[in-house]
Structure formats: structure tokens, C-alpha cells
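See below for the structure under consideration.
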Amino acid sequence: MGAGHTHPLHVHEHSRTHHLPAHVKVVATLTTAGLVATAPRDDVIAFAGAAVVLAAVARASRVPGRFLVSRLAVTAPFLIAALLLPFVASGPRVDVVGVPLAVEGLWGALGLVSRTLLGATASLLLVATTEVPALLRGLERLRVPPVLTQIAATMLRYLEVIVGEVGRQRRAMTARGYDPRWLWQLGPLTAGLGVLFVRAYERGERVHAAMLARGFTGRMPVLVAERPATAADWAVAMAVPGLVAVARTVGAVVGGAEAWA
Amino acid sequence: MHAPDGFLTGPTAIATGVMSAGAIAASLKASRPELDDDRIPLAGVTAAFVFAAQMVNFPVAAGTSGHLLGGALAAVLLGPSLGLLVVAVVVIVQAIGFADGGLTALGYNVLNMAVVTALGGWAVFRGLRRVLPATATGVSLAAGVAAAASVVLSSMAFSLQWLFGASAAVPFDRVFTAMAGVHALIGVGEGLITAGVIAAVLAVRPDLVRGADGIDRAAGPAKLPRARFVLAAVAASLVVATVVAQFAVGDPDGLERVAEDTGFIEAAEDHAFGSSIFADYATAGVASETVSLAIAGIVGTLVTLAVGTGLLLLVRDRRQGTSADAERAPSA
């Protein structure tokens, strides 16, 4: 966990992407992810096009490639699941070095891996270039109920504290020579979690009391007003899904890779 | 279970998105009396707790571990509406802030991990509380069984969505058996943890457990009627065992494991074992499409029934004004 209150996935920079209003970036990211997610599984032109566009955005925003690759690890379980599809799917099979693989599964895997990686890259670029408070205000501007964004804001603010508490509990347990390995050793872990909840709740009560004392009326004050979005902002941001849409159109005209094979 | 972008088809994503948004809107409305009281920070800190609790790995068997989903736990602690909201926020933040789960997959991720677990878990919990004694042990037990059921319900809901919006040609019966089987095992862990957490909280601050209204705090822990307990335990383990029996091993991430399991089975069919017992093992009597669809129908009814009951309880409690603080007020 990083120091202070910065989000671990934020990359501090001063690029054009960083300075775009958050709600514009959210709309652009969602549109991009939607275009990628609904592309036909064999539309390699669309996937390649989106990859090039996202790489260009990362470069322009000075988000290091190594950062993106390491953070994409979060999708690993699904990548593994996707790579197993050729073995699981039904239908005709093709021999690849003596192993019979389902044709359907191979195309399915191509689609899943591409969509997973491209979609995750798009949302990683969003958090890497947007500070959490700005992101939450951006969501509010897009009509997400403030109750939800405020729950999220408080959660993110105290996440580090509570995760730290989990770590301390764990260390205390290890220090006393307890290292649970089996299901029937669950007792102390659950008791710890129960204590964690009570502590979290009581901390919440204290925080709430302190906020009320400082004049909290149900809404957090806005410290740095977000500037309104200009036409240029929209044009720059929407160019990203625009280019992906162009790639998809080209892909639709040329036809998917399944037709070539 | 944080599915990525494009895991299910576009229409499925939109349809589940509408359902999730509806459930969130209903919960926002139901929890308004509490949240208007500026208690948002409390909900936020509890959300952080659920987020952190999901990071605590518990041992399932030698070498494998699982982690908590927390939907049923949050519902029992905070009530169904606030519990649903809190877990939904956790899932949404994981997608937007940590790229864990696709942005366009939020519809089905929120539905499966927050809506089905909170509402379905609450329905089972309330049902069990009618049967079990109103003591701390009874409440913990009800919470544990409800949590285990909520995980299985969630995996059932996912299998159903796969039926409508599969991104690859893996038949429903195979996805369902594997998903429900692995998650039954994960559910055991979820149930034990939830029961343990609720018991621990009840011991320290019983007023913080929304689902524990009207319990007899004076009653000792050993007041559980043995016959009922044995009956409930046998019934629960029967349900679990029938599905689990085919899959002797579990894994933290069910979907991943499912692919592995079915992959092994498929490989076995194609290679050494040919059409031996392993082929029958894989399809276990659900070979034909009609049977598969019939199972899908039953599963659908079950999930809808559980979630619907949860929603009904949520709305009815609010109308009667028995939810929220009224329940917590000390009764004479």
C-alpha cells in the first residue's frame, strides 16, 4: 500500500489525459469497453485496433507499460479459464500437435482473452489517470446516486486502515505460533474477523461523530471544483472509442478471422 | 467470480444491468430512513470491512484456500437493503478502481455477488430463524447456513446467465454441475466463517447484528434442541453432498476450477479412458437437452424464489416499519 491517501493504482502525471474532466473519461472508457466487449470473438481487426489505440493512450498519458502489465495480473484466473476453453467446449475438433482441441473453444478463447485484456486495460488507464475524488465526482455528474459514491469514498478512505488491521491480526497470530492450514482451524480466523467488524463499526461511529462535530450535513464539501467539460475535451476523449469503432467497422467489412480460416 | 468484459453477451450484460440497477434502487429507497440520518460513514466503513474480509484467505483443504464473498454476512449484519448496497459498492469499486471485473460486466457481477447473495441469503436466514431458537447460537447457525446457500445460489444464477449469454460453447449442464459443485464446497467455508463472525459480534456487540432482533441474550449457548439441529445439519449436508460428491476438490476461484475440472473430464473422455466410466461421470444422467433444460428451469425457479422472497421481506419490513431501528429497540 502506498503512503498517505493516494490510490495504489494512480500514476501521478500531468498529461492531457490526466487533466480531462473525470466524467468525460468515464464515458469514453465505458464506450470503449462496450465496443470491445461486444466485438465478435473472431474480429481480430477490432481487437488489434483497440490494442493500438489503448497503447497510444497509455503512451500519451505516460502510464508505464510495466505498470499496466503487472496490474493486468488481476485478470489471470479468467485468462486461465479462457485458455482451458479449447479443452472443454463441445463440437468439432482440430488436432494441434496431436492434442484434439475444440474449434469453438479456440475461437471462444481468442474472444475472451482479447476482451478481458482490452477491457481491463481501458479501466486501468481510467484509474491511472484520474484521482479517486475526481472519479467519484465524475460518477455523480453521470447521475450515480450520491449515497453510493459517498459510501465508496468513505470505504476507500478507511480501506488501508482496516486492511492494515487484518495484517496486524495475522502477524499477531503468526507471532504466537498459529498458522491455520485446515478447515477445522477456522475458529480463530473468524473470531478475528468478528472483532475486525466491531472495530470497523466503532471506528465508523467515531468518524461519524467527528464529522458531525465539524458540521457534516450529509454531503462532503467540494474542495477543488471540477472545471466544466469543453467540446475539445469531449472530442479528445471520444476519439478513443471513435477509433475503436472505426476498427470494428473495418473488421465488419473485411469479415472475421473465422471466415478466413 | 469477478467476470471480465465480454464474458457473457451484450444483451445479457444489459438485462442483468437493468436487474441490478433495479435492486440497488429498491435498496436505496428501503434504506433511506437510515441513510438520511447521515449514517453514510458507517456504511462506508462497513464496506471497507467487507472489502478487507474478502482478502482473508481461509484454508479449504491442504494446499487450496478460498475467500469470503460476504453478501449474506453483510445482509445479516446490516439488514438486506443496506447489506446489498454495501456489497454492490464493493463490487463496483473493485471494477472501476482496481480493474477487478469488467466495467461492462458490472451488470452480472453485481447481480451475482451482491443482489443474489444478499437477498437470497436474507430469505434463507429469515426462514431458518423461524425454525431455530431465538438465541445467539440459533442466529449464528441460521446465518451460516444462509451464507452457504447464498454462494450456491450465486453460482446457480451465473449458470443461468451462461445459458442465455454464453460466450463459448460449453453446455449448460456441464457449467451448472461444475459451478454448483465447486461453490457448494466454497459455500461450506463461507458458511463457517459467517457463522463464526456473527457469533463473535453477538458476543461483543449484539446490537450491531440487524438480523438478531428479539434474541434471548440471557440464554446460554447450549440451548439448541438437539433433534432440530441434527435434522437441519443432515438436510444441509445432503443438499451439499449431492452436488459436491462428484467434485472432490475445491479451489479459491470457482470459475477457474470449473474450467479445470471439466477440462480434465473432457481430456479423459478423449484420451485414455475413451467411453469408460469417465464419460458417464461427466454427464451424470443429464445427457439429453430436455433434461438439461428441465434442470435449468428448476434452478431458475429456485434462484428467483430465493431472491424474490428476499426482496419481498425487504419491502414488507419497511412497510410495517419493523426494519431498521424499530427491530433493535429493546422489547419489553
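For the protein sequence lines, the chains are A and B, in the order given. Here the first sequence is numbered in my numbering, starting from 1 and rising by one per residue. Here the second sequence is numbered in my numbering, starting from 262 and rising by one per residue. Note that the Cβ used here is the ideal one computed from N, Cα and C, for glycine as well. None of these values were measured; they are calculated from a predicted model.
Same chain, Cβ closer than 6 angstroms to residue i, neighbours up to 5 away in sequence not counted
i, result
"A/Glu13", "Arg62"
"B/Ser416", "Met440, Ala441, His444"
"A/Pro40", "Gly256"
"B/Phe623", "Missing from the structure shown is residue 623 of chain B; chain B here goes from 262 to 593 and no further."
"A/Gln169", "Gly192"
Local Cβ density within 10 Å of residue i, reported as buried at 16 or more and exposed below that
i, result
"B/Gly368", "buried"
"A/Tyr178", "exposed"
"A/Asp95", "exposed"
"A/Trp260", "exposed"
"A/Thr174", "exposed"
"A/Pro21", "buried"
"A/Gly65", "exposed"
"A/Ala225", "exposed"
"A/Arg176", "exposed"
"A/Arg331", "The question about residue 331 of chain A has no answer, for chain A in this structure spans 1 to 261."
"A/Val253", "exposed"
"A/Ala109", "buried"
Cut-off 7 angstroms between Cβ atoms - residues of its own chain near residue i, not counting five sequence neighbours on either side
i, result
"B/Val350", "Ala308"
"B/Ala473", "Val400, Leu463, Pro467"
"B/Leu453", "Gly405"
"A/Leu159", "none"
"A/Arg199", "Glu165"
Cross-strand partners of residue i (DSSP beta bridge)
i, result
"A/Asp95", "A/Pro100"
"B/Ala427", "B/Leu269"
"A/His14", "Paired residues: none, contrary to the question."
Contacting residues, own chain, Cβ-Cβ under 8 angstroms from residue i (five flanking each side not counted)
i, result
"A/Trp234", "Val24"
First through last residue of the alpha helix (DSSP H) which encompasses residue i
i, result
"A/Gln150", "146-175"
"B/Ile454", "433-465"
"A/Ile45", "44-60"
"A/Thr249", "231-254"
"B/Val470", "Per DSSP, B/Val470 belongs to no alpha helix (DSSP H) and is neither H nor E."
"A/Glu226", "Taken as a continuous stretch (DSSP letters only), A/Glu226 belongs to no alpha helix (DSSP H), as it is neither H nor E."
"A/Leu20", "Taken as a continuous stretch (DSSP letters only), A/Leu20 belongs to no alpha helix (DSSP H), as it is neither H nor E."
"A/His208", "186-213"
"B/Met369", "Note that residue 369 of chain B is Tyr in the sequence shown, not Met. From DSSP, the alpha helix (DSSP H) with B/Tyr369 extends over 367-371."
"B/Phe386", "382-392"
"A/Phe78", "76-88"
"B/Phe359", "341-359"
"A/Gly138", "132-141"
"A/Gly65", "65-71"
"A/Ala257", "257-260"
Residue from the options with nearest C-alpha to residue i
i, options, result
"B/Ala461", "A/Glu202, A/Tyr201, A/Phe197", "A/Phe197"
"A/Gly98", "A/Arg143, A/Phe87, A/Ala37, A/Pro221", "A/Phe87"
"A/Met238", "A/Leu9, A/Val26, A/Val11, A/Arg214", "A/Val26"
"B/Gly267", "B/Leu339, B/Ala286, B/Gly363, B/Ala418", "B/Gly363"
"B/Thr562", "B/Val385, B/Phe359, B/Pro432, B/Ala418", "B/Ala418"
"B/Gln355", "B/Leu343, B/Pro341, B/Val371, B/Gly340", "B/Val371"
"B/Arg471", "B/Val337, B/Val377, B/Ser281", "B/Val337"
"A/Phe216", "A/Gln150, A/Val132, A/His10", "A/Gln150"
"A/Ser15", "A/Val57, A/Ala152, A/Met155, A/Thr190", "A/Val57"
"B/Ile459", "A/Gly34, A/Arg171, A/Leu193, A/Ala247", "A/Leu193"
"A/Ser70", "A/Gly119, A/Leu54, A/Leu9", "A/Leu9"
"A/Arg143", "B/Gly426, B/Ala286, B/Pro272", "B/Ala286"
"B/Gly381", "B/Glu295, B/Val352, B/Leu566, B/Arg577", "B/Leu566"
"B/Pro272", "A/Pro133, A/Thr116, A/Thr38, A/Thr230", "A/Thr38"
"A/Leu112", "A/Val44, A/Ala209, A/Val250", "A/Val44"
"A/Thr31", "A/Val250, A/Ala245, A/Arg137, A/Val222", "A/Ala245"
"A/Ala82", "A/Trp107, A/Val161, A/Glu258, A/Arg157", "A/Trp107"
8 angstroms Cβ cutoff, residue i in contact with chain C
i, result
"B/Gly363", "In the structure shown, chain C cannot be found, because the protein chains are A and B."
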